[in-house]
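Residue numbers (my numbering): 335 to 489.
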């Protein structure tokens, strides 16, 4: 269900045009880019916490929260209007930052990455993810997604 600006209530029903498809699209594109990046470099993308139980546990908790956000977004409708288009702009910018970071990662053979977008930003993937998470708030006009997303980023 899609709401127009000024609608007085949200009707929580599963639907194709709810916010879940944009969340799924973002993650599908970035994970496909990760796989291609690993093949291009002939090395898998390293997991910083691999081999350390605490980091692996934190990563699994963050993934569980993200799965919960995706499941809940199936029933939260989009709101048409200015906020949707502002959210789409943030979505596109966040996806662009993430893709630029992965591209820069592919071009660096190993070691510390100082070229490409990393010349300007130290953690462009996190910034791209943050823009993507903030657009949940604009799409749905709710603080729920922002709260859950910040828990994931801080965890």
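Here a beta-carbon is modelled for each residue, glycine too, at the ideal position from N, C-alpha and C.
When DSSP states are grouped into helix, strand and coil, residue 352 belongs to the strand group. Here residue 441 is not near residue 428, since their CB atoms are 8 Å or more apart.
Ranking 424, 430, 361 and 448 by CA distance to the CA of residue 400 puts 361 first. Taken atom to atom, the span from the alpha-carbon of residue 448 to that of residue 374 is near 19 Å.
Residue 402 sits in a helix when the DSSP states are folded into three classes. By a beta-carbon distance limit of 8 Å, residue 432 contacts residue 364. Their separation comes to about 5 Å. Counting only residues of its own chain and dropping the five nearest sequence neighbours on each side, residue 459 has a CB closer than 7 Å to the CB of 432 and 435.
At a Cβ-Cβ threshold of 8 Å, residue 357 and residue 404 count as neighbours.
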